[in-house]
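Using the working numbering, the first residue of the sequence shown is number 21, and each one after it goes up by one.
Note that beta-carbon positions come from the ideal geometry of N, C-alpha and C, so glycine has one too.
One structure is given here, and the rest of the page talks about it.
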Amino acid sequence: MTQTAEDLTLAAEFPPATREQWLALVEGTLKGAPFEKRLVSKTYDGLRIEPLYPSDRTAKPVAARASGAPWLVMQRVDHPDAKAANAEALHDLEHGATGLSLVFAGSLGARGYGIAADADTIARVLDDIRLDAIALELQLSPQAREAPQRIAELVAARGLAPAALDIRFGIDPIGAMAAFGKARIAWPEMAKEFVIRVRDLAARGFKGPFAVADGRVVHDAGGSEAQELAYMLAVALAYVRALEAEGVPLDAARRIVSFRVAADAEQFLTIAKIRALRVLWARVEAACGLAPAHAVVSAETAWRMMTRRDPAVNMLRATVAVFAAGVGGADAVTVLPWTAPLGLPDRPARRIARNTQLILLEESYLAKVADPTAGAGGIEALTKGLCTTAWTLFQEIEAAGGIWAALTQGLLQKKVATVRAAREKAVAGRRDPITGVSEFPNIAEGTPGVLDVAPASVAALAAGVTLEPLAAMRLAGPFEALRDASDAMLAKTGARPKVFLANLGRLAAFTARATFTKNFFEAGGIQAVTNDGFEVDGKTDLAALAAAFKASGAQLACLCSSDDGYAAEAVEAAKALIAAGCANIYLAGRPGEREAEFKAAGIGHAIFMGCDVLATLTEAQKLAGAAG
Numbered sequence: 021m022t023q024t025a026e027d028l029t030l031a032a033e034f035p036p037a038t039r040e041q042w043l044a045l046v047e048g049t050l051k052g053a054p055f056e057k058r059l060v061s062k063t064y065d066g067l068r069i070e071p072l073y074p075s076d077r078t079a080k081p082v083a084a085r086a087s088g089a090p091w092l093v094m095q096r097v098d099h100p101d102a103k104a105a106n107a108e109a110l111h112d113l114e115h116g117a118t119g120l121s122l123v124f125a126g127s128l129g130a131r132g133y134g135i136a137a138d139a140d141t142i143a144r145v146l147d148d149i150r151l152d153a154i155a156l157e158l159q160l161s162p163q164a165r166e167a168p169q170r171i172a173e174l175v176a177a178r179g180l181a182p183a184a185l186d187i188r189f190g191i192d193p194i195g196a197m198a199a200f201g202k203a204r205i206a207w208p209e210m211a212k213e214f215v216i217r218v219r220d221l222a223a224r225g226f227k228g229p230f231a232v233a234d235g236r237v238v239h240d241a242g243g244s245e246a247q248e249l250a251y252m253l254a255v256a257l258a259y260v261r262a263l264e265a266e267g268v269p270l271d272a273a274r275r276i277v278s279f280r281v282a283a284d285a286e287q288f289l290t291i292a293k294i295r296a297l298r299v300l301w302a303r304v305e306a307a308c309g310l311a312p313a314h315a316v317v318s319a320e321t322a323w324r325m326m327t328r329r330d331p332a333v334n335m336l337r338a339t340v341a342v343f344a345a346g347v348g349g350a351d352a353v354t355v356l357p358w359t360a361p362l363g364l365p366d367r368p369a370r371r372i373a374r375n376t377q378l379i380l381l382e383e384s385y386l387a388k389v390a391d392p393t394a395g396a397g398g399i400e401a402l403t404k405g406l407c408t409t410a411w412t413l414f415q416e417i418e419a420a421g422g423i424w425a426a427l428t429q430g431l432l433q434k435k436v437a438t439v440r441a442a443r444e445k446a447v448a449g450r451r452d453p454i455t456g457v458s459e460f461p462n463i464a465e466g467t468p469g470v471l472d473v474a475p476a477s478v479a480a481l482a483a484g485v486t487l488e489p490l491a492a493m494r495l496a497g498p499f500e501a502l503r504d505a506s507d508a509m510l511a512k513t514g515a516r517p518k519v520f521l522a523n524l525g526r527l528a529a530f531t532a533r534a535t536f537t538k539n540f541f542e543a544g545g546i547q548a549v550t551n552d553g554f555e556v557d558g559k560t561d562l563a564a565l566a567a568a569f570k571a572s573g574a575q576l577a578c579l580c581s582s583d584d585g586y587a588a589e590a591v592e593a594a595k596a597l598i599a600a601g602c603a604n605i606y607l608a609g610r611p612g613e614r615e616a617e618f619k620a621a622g623i624g625h626a627i628f629m630g631c632d633v634l635a636t637l638t639e640a641q642k643l644a645g646a647a648g
């Protein structure tokens, strides 16, 4: 008998499962707990994340890179010394990079370093580099606004055909204004200057794109995915309007603009964000009476997710981010090296950044399928949700008079600040845990090496126009500040602040909470002094407990046991610790109905899942003498 494709359908011998059957099983597992609270979450844009989605059989792939075409493997060039920058760039290109991202000092992505924008420096940075064989993108700063013209002059000096080069010039005056809150001139004058610069490059024969709508400014400031999308749409449209006002045809104007997004470890949201960007821009093009054309989208791994503590985890974060950017359809990807928050990365760190992409491309074949998430229920739902939410905010920006007006009025800044505050609150309470920082900290970790290079010198910005900037942040910053204070105390006194774990009862009774407590306090740089308990004949030896506390050198103590153990021994243990000189006693877990009794016994603090971890640790450091 000949088998058909229908005969070989996976699980064809089983009856079809329904959502109703699944829900019945879920209800049994939840045992009365609310479905919405346990299994449904929301993004910072308020989009629902369901636990299960059916496939979307009506979905069509979002047009991005050509099917099977790899994205460009970009490598940052940001060493302030031109000779060193050139050496690193050549090494990167010889070992797999297919493009370079020239990061100029003072730009949004410079992170304190970057190259100078004078003609001599640019020529030395690009010495012996075949500009006709690679892709080049510029990350400009207000101080480097003449860099595109310097690049154009270098191309002419080398006798290269501008139209044959793949250069994204990255002109973004609105982005610089949003990031730094300062500009030399207001938008009407800036728009005319913008058009002059673009026309000059086009007249020289370059094909562009010349401008970029850079969403990193919103992402770096803690904004949401929809806010990043709405901002990019509004900036891109402002540039198109400026060009059209000076006589550039709409079809040519829209091809002058490219996009740059931040890719972070929120894998599904990053995929959906890049897909949504293309859908939304196609909608703008259609509103202009244009058939959608391919828009160049570059992605850089996110700054705000990077950590200085346990920075090796940054490699994992970057891997997820590159995966998401590649699957989402980015045309080019740049990876921040894992040591970037510590200083200027060395060659091994740069190699890992480069190879993260090469492995996903060459060994995982990640680019072989165009829009591989098309039809996946969860991704399609997120894409549509982001499109709807971003378009609503985009319309609000347009109603305010466009992106320049929205920024000068503070409209966008207020919305981003609201999301940023929500993120900071979630991080402080560990609802958004940061591995290696707020969760699973390694208090004795070493610090990886970075290059011994001073930050780049950047001229002060002119301030003809000022507004509230969208200031960059890293989510781990507040916890890292606590760890810094602990390091300072260690350097000054030879010891970190300490908390003694007063483990009560049997090992099985206190292990879970003792582990939680160690993790909790060491996230704030407070060393946990633990032990195997002090049980003798079924009861805690209080004298041994007190003696161990005295010997520990700790300034704080935390009771760790089961609820039954607390009921039987917490009060007497607290009295013994106070008699031994402990003035600040914590309880691991919620005190419940015994809160008043425990407070009367001197147990003044409680740590538990859902408490404000950051505030508790900040106060604990003060009590331990590490901060003040």
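Buried or exposed by the 16-neighbour rule on C-beta atoms within 10 Å, applied to residue i
i, result
"Lys-435", "buried"
"Asp-552", "exposed"
"His-99", "buried"
"Phe-34", "exposed"
"Ile-216", "exposed"
"Arg-178", "exposed"
"Thr-49", "exposed"
"Pro-331", "buried"
"Trp-42", "exposed"
"His-115", "exposed"
"Met-629", "exposed"
"Lys-538", "buried"
"Gly-398", "buried"
"Gly-66", "exposed"
Per DSSP, cross-strand counterpart(s) of residue i
i, result
"Asp-186", "Ala-155"
"Ala-556", "A small fix is needed here, since residue 556 is Val in this sequence, not Ala. Paired residues: Lys-559."
"Val-277", "Ala-231"
"Val-519", "Ala-548, Leu-576"
"Met-94", "Gly-119, Thr-354"
"Phe-214", "Paired residues: none, contrary to the question."
"Thr-438", "Answer is none; Thr-438 lacks a bridge partner."
"His-625", "Tyr-606"
"Phe-124", "Ile-135"
"Glu-320", "Ala-282, Thr-354"
"Lys-202", "Thr-486"
"Lys-62", "Arg-68"
"Thr-455", "Glu-459"
Where residue i falls: helix, strand or coil (DSSP)
i, result
"Lys-80", "coil"
"His-111", "helix"
"Met-21", "For Met-21, the predicted structure reports a pLDDT of 43, less than 50, and the residue's modelled location is therefore unreliable. A value from the coordinates is still provided. Met-21 falls in the coil class under three-state DSSP."
"Leu-364", "strand"
"Phe-15", "The chain is shown from 21 up to 648; residue 15 falls before or after that span and cannot be answered."
"Thr-359", "coil"
"Arg-68", "strand"
"Ile-194", "helix"
"Thr-327", "coil"
"Ala-89", "coil"
"Phe-226", "coil"
"His-314", "coil"
"Tyr-385", "coil"
"Ala-390", "coil"
"Gly-397", "helix"
Any non-hydrogen atom of the ligand FMN within 6 Å of residue i CB
i, result
"Pro-162", "Ligands in the displayed structure: none, and consequently the ligand FMN is not present."
#### Entry: Runs of alpha helix (DSSP H) wholly within the region 562 to 621 (minimum 4 residues, chain order)
Listed in chain order, the complete alpha helix (DSSP H) runs (minimum 4 residues) inside the region 562 to 621 are 562 to 572, 583 to 599, 615 to 620.
### Task
Would you be able to state if there are at least three C-beta pairs under 8 Å between the region 277 to 291 and the region 71 to 83?
The count of Cβ pairs closer than 8 Å, one atom from the region 71 to 83 and one from the region 277 to 291, stays below three, leaving the stretches out of contact.
#### Entry: Meets three-Cβ-pair contact criterion under 8 Å: the region 467 to 480 and the region 131 to 144
Contact between the region 467 to 480 and the region 131 to 144 is present, because at least three Cβ pairs lie under 8 Å.
### Task
Mind listing, in chain order, the continuous alpha helix (DSSP H) runs of no fewer than 4 residues lying wholly within the region 458 to 523?
Segments of the alpha helix (DSSP H) lying fully in the region 458 to 523: 497 to 513.
### Task
Say whether the region 235 to 252 touches the region 517 to 535, bearing in mind that this needs 3 or more beta-carbon pairs closer than 8 Å, one atom from each stretch.
They do not touch, by the three-pair rule.
### Task
Inspect the CB distances between the region 384 to 391 and the region 255 to 271 and report whether three or more fall short of 8 Å.
Taking 8 Å as the limit for Cβ pairs, the verdict is that the region 255 to 271 does not touch the region 384 to 391.
### Query
If you pair each beta-carbon of the region 548 to 567 with each one of the region 497 to 509, do three or more pairs fall below 8 Å?
Counting Cβ pairs under 8 Å, fewer than three are found: no touch.
### Query
Do the region 560 to 575 and the region 608 to 616 touch if we need at least three Cβ pairs shorter than 8 Å?
As far as the Cβ criterion goes, the region 560 to 575 does not touch the region 608 to 616, which means the pair count is below three.
### Segment contact, 8 Å Cβ cut-off, at least three pairs: the region 367 to 383 with the region 484 to 503
For the pair of segments examined, the region 367 to 383 was found not to touch the region 484 to 503: the number of CB pairs separated by less than 8 Å stays below three.
### Query
How about the region 164 to 173 and the region 451 to 469: do they share at least three Cβ pairs that are nearer than 8 Å?
No, because fewer than three Cβ pairs between the region 164 to 173 and the region 451 to 469 fall closer than 8 Å, the two stretches do not touch.
### Query
Do the region 312 to 322 and the region 426 to 440 meet, that is, are 3 or more Cβ pairs less than 8 Å apart?
With contact defined as three or more Cβ pairs closer than 8 Å, the region 312 to 322 and the region 426 to 440 are not in contact.
#### Entry: Any 3 or more C-beta pairs closer than 8 Å across the region 402 to 415 and the region 247 to 263
Here the region 402 to 415 makes contact with the region 247 to 263; the two share three or more CB pairs at distances below 8 Å.
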